[in-house]
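This report refers to the structure that appears directly beneath it.
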Amino acid sequence: MKISGGPIYSYVIAILVSMIFISFLLALFEIPIFETYRLLLTGSLGSMTKFGDTLMVAVPVIIASASLVITFKAGLWNIGVEGQIIAGAVAATFIARELQLPSGILLPVMILAGAFGGAFWGLLVGLLKVRGGVNEIFGGLGLNFVATGLVVYLIIGPWSRKGIASTSGTEPFHQNAWFPTVEGFRLSPLAVALSFIVVLIVIYVFSRTQFGLRLRAIGLNPDSSYRFGIPTSRYLLIAFMLGGAVAGLAGVTQVASIHHRLVPSISGGYGYLAILVVLLAGYRPSLLVPIAFFFSMISIGSIQWQLRLGLHSSLGGVFQGTLVLSVILISAMRLMQQRRNKYSEAGD
27 MKISGGPIYS
37 YVIAILVSMI
47 FISFLLALFE
57 IPIFETYRLL
67 LTGSLGSMTK
77 FGDTLMVAVP
87 VIIASASLVI
97 TFKAGLWNIG
107 VEGQIIAGAV
117 AATFIARELQ
127 LPSGILLPVM
137 ILAGAFGGAF
147 WGLLVGLLKV
157 RGGVNEIFGG
167 LGLNFVATGL
177 VVYLIIGPWS
187 RKGIASTSGT
197 EPFHQNAWFP
207 TVEGFRLSPL
217 AVALSFIVVL
227 IVIYVFSRTQ
237 FGLRLRAIGL
247 NPDSSYRFGI
257 PTSRYLLIAF
267 MLGGAVAGLA
277 GVTQVASIHH
287 RLVPSISGGY
297 GYLAILVVLL
307 AGYRPSLLVP
317 IAFFFSMISI
327 GSIQWQLRLG
337 LHSSLGGVFQ
347 GTLVLSVILI
357 SAMRLMQQRR
367 NKYSEAGD
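Take any residue in the sequence shown, count from 1 to its spot, add 26: that is its number in this note's numbering.
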């Protein structure tokens with residue numbers, strides 16, 4: 027099969043392939059196809075409240091995706107992003123509980139603390155890889171479990187609600203620790219602005235700075251980069267710390283803008299969803315916002331499938347996974363086609 031066109035063409039084909047696959051499954055079980063897609067749209071964009079719910083998912087996914095671009099471009103599979111989100115949330119919660127300050131001072135301190143917590147957790151993964159020789163996938167997954175256990179311990183232990191034996195969460199923060207909101211929206215404009223700022227910074231780093239260029243070089247060929255004088259180990263550790271710091275900001279938005287307390291499921295699985303977003307974006311930070319928003323539409327809109335059609339909302343995850351697989355397959359086919367063309371030209 028001949029694949030032509032640019033990246034946008036690949037996404038169009040991937041969406042069509044995914045829709046055909048999902049439509050086939052729906053038809054197989056005699057479920058109305060057009061009603062299913064209508065519910066997906068109205069369930070995610072049908073009102074200002076539903077649009078706000080979609081944004082609530084999109085913001086942490088966008089921030090987590092930006093953090094993954096930093097490590098993925100350096101050739102590092104930072105599966106530990108979930109733990110880094112949690113670490114950022116824990117650090118921000120500590121500040122919110124311990125400091126009684128005006129919101130103008132407290133919120134920036136919480137943001138910095140969240141970034142520091144995520145950076146520390148990312149550094150642990152980096153040290154395991156660089157100093158201990160532990161693959162970052164296994165190190166990251168292990169630390170994800172540690173972070174999850176830490177949150178549960180804090181909620182039922184030192185930060186438990188007075189007189190209540192529950193794992194539902196900590197005491198709500200005092201309002202000085204809440205991101206400011208607009209009437210009618212649960213999500214703060216500050217969280218939305220933070221996600222866009224993070225993406226713009228990542229775009230700038232990898233398009234305009236020597237540091238970003240060196241990280242990309244290490245990701246493409248670490249041995250050659252080392253021979254050319256780039257201290258690869260140091261750069262890998264920095265990449266883990268920066269990626270963790272950005273992921274920690276996603277944790278801050280979760281506790282300060284959405285839940286207003288620490289809950290066991292504070293990461294929401296958004297780190298794993300961000301991995302799909304980055305893969306679909308082809309590591310291009312400029313595509314993170316639209317793809318993350320589209321994935322968030324699927325996550326929120328698919329809830330209506332369960333309420334109205336009796337379908338499990340996990341079908342939305344099947345849709346997202348099919349999209350990623352389709353793009354990967356199309357990209358692989360294009361690469362093989364380019365190689366064949368190159369060899370045929372060399373033969374001529």
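C-beta atoms are modelled at their ideal positions from N, C-alpha and C, and glycine is treated no differently.
> In three-state DSSP terms, what is S291?
Replying inline: Correct three-state label for S291: coil.
>> Give me, in chain order, the residues of the same chain whose beta-carbon lies closer than 6 Å to that of G297; leave out the 5 immediate sequence neighbours on both sides.
In response: A90, V107, E108 and I111
>> Going residue by residue through the segment 191 to 268, where are the continuous alpha helix (DSSP H) segments of at least 4 residues, counting only ones entirely within it?
In response: 215 to 234, 236 to 246 and 248 to 253
> Going by beta carbon distance, what residues of the same chain come within less than 8 Å of V178, once the five residues before and after it are set aside?
Replying inline: T193 and P290
>> My assumption, with CB atoms under 8 Å, is that I137 sits in contact with L268. Please give the rounded CB distance.
In response: I137 to L268, Cβ: 15 Å. No contact.
> Helix, strand or coil: how does DSSP classify L337 here?
Replying inline: Coil, per DSSP.
>> Let me check understanding here. Comparing Cα to Cα, which of L262, G159 and V353 lies closest to I39?
In response: V353
> Helix, strand or coil: how does DSSP classify M27 here?
Replying inline: In this prediction, M27 scores a pLDDT of 46, lower than 50, which makes its location untrustworthy; the coordinate-derived value is nonetheless stated afterwards. Looking at M27 - three-state DSSP - the assignment turns out to be coil, as it is neither helix nor strand.
> Apart from the five residues just before and just after V228, which ones in its own chain have a Cβ nearer than 7 Å to its Cβ?
Replying inline: A92, V95, I96 and P311
>> My parser needs the alpha helix (DSSP H) runs of 4 or more residues fully inside the segment 38 to 81; what are they?
In response: 59 to 71
> Should K28 go down as buried or exposed, given a rule of 16 or more other Cβ atoms within 10 Å for buried?
Replying inline: At K28, the pLDDT of 47 sits below 50, so the modelled position is not reliable and the matter cannot be decided from this model.
> In the structure shown, what three-state DSSP assignment does H286 receive?
Replying inline: coil
>> Please classify N170 as buried or exposed, where buried requires at least 16 other C-beta atoms within 10 Å of its C-beta.
In response: buried
> I292 and A115: beta carbons closer than 8 Å?
Replying inline: A contact, by the Cβ cut-off of 8 Å.
> Nearest CA to the CA of S186: which residue from L66, N161, R123 and Q236?
Replying inline: R123
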